[in-house]
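A.B. asks:
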Amino acid sequence: MDELDEDELFTVCLDDDGHPVQRAVRDMTAGEVIAAIDHLTVGSTRVEAREKLARLRQVVAQTHPRPS
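According to our numbering, the stretch in the sequence shown is residues 975 to 1042, in order.
Structure representation (structure tokens):
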């Protein structure tokens, strides 16, 4: 499998020590994708978080295109 780019990793939750648990979209379950969106939405007032949320949506759309 290819090396992961940092832009491909999204936080799905925080571990018991408060550190982010990150996954690539291609490795996420549907629940983890929702958790990543929720995590980014909470911090969406920050520009960086909004950009990361937009990137997550883009990756998900490319990975799972909607049927026409």
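All C-beta atoms, glycine included, are put in the ideal place defined by N, C-alpha and C.
Just tell me which of Leu1014, Leu1030, Thr1015 and Val986 has its CA closest to the CA of Gly1005.
C.D. replies: Ranking Leu1014, Leu1030, Thr1015 and Val986 by Cα distance to Gly1005 puts Val986 first.
A.B. asks: I believe Leu1030 touches Ile1011 by the beta-carbon criterion, under 8 Å. Please report the beta-carbon distance rounded to the nearest angstrom.
C.D. replies: Confirmed, Cβ separation roughly 7 Å.
A.B. asks: Quick check on this structure: which residue in Arg1024, Arg997, Asp989 and Gly992 has the alpha carbon closest to the alpha carbon of Glu977?
C.D. replies: That would be Arg997, whose Cα lies nearest to the Cα of Glu977.
A.B. asks: Answer yes or no: do Val1021 and Val999 have a C-beta to C-beta separation smaller than 8 Å?
C.D. replies: No, these two residues do not count as a Cβ contact at 8 Å.
A.B. asks: For a test of your reading of the model: does the CB of Arg1020 fall under 7 Å from any non-hydrogen atom of the ligand HEM? Yes or no.
C.D. replies: Because no ligand of any kind appears in the structure shown, any question about the ligand HEM cannot be addressed here.
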